[in-house]
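Asker:
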Amino acid sequence: MAYMRVTHRDEEGKKLDPAPPAIDPDDPNYEEDGAAGEVDEEVVVGEVEVAKVAEARDGVARVEVVAPPRQPEKQEQKQ
């Protein structure tokens with residue numbers, strides 16, 4: 001079995017010449033360049049009380065709730 005030793009010089013080379021990002025249009029999170037600045041029509045704003053988090057620690061706790069990424073409708077793509 002062959003082993004490759006990673007040196008400091010190899011790490012510097014990765015910083016100077018990073019691998020290009022992989023682009024997959026079939027990825028459900030993929031967005032075209034123009035779609036990144038658009039604003040979604042549906043927005044949900046509210047507060048969530050999380051008692052267990054507050055009980056576990058003294059002070060202030062913050063919990064961020066993030067919506068899952070939107071996936072395109074399967075029926076629209078078939079048409």
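Here full-length UniProt numbering is used: the first residue of the sequence shown is 1, the next is one more, and so on. Even glycine gets a Cβ: it sits at the ideal position worked out from N, Cα and C. A quick note: this is a predicted structure, and the numbers were derived from the prediction, not measured.
Rounded C-beta distance between residue 65 and residue 45? I'm assuming under 8 Å.
Answerer: Contact doesn't hold; Cβ gap of about 11 Å is too wide.
Asker: Do residue 28 and residue 69 come within 8 Å of each other at the CB atom, strictly closer than that value?
Answerer: yes
Asker: CB-CB under 8 Å to residue 72, same chain, minus the five flanking residues each way: which ones, in chain order?
Answerer: 28
Asker: Let me confirm a value: residue 67 is counted as buried when at least 16 other C-beta atoms fall within 10 Å, else exposed. Which label applies?
Answerer: exposed
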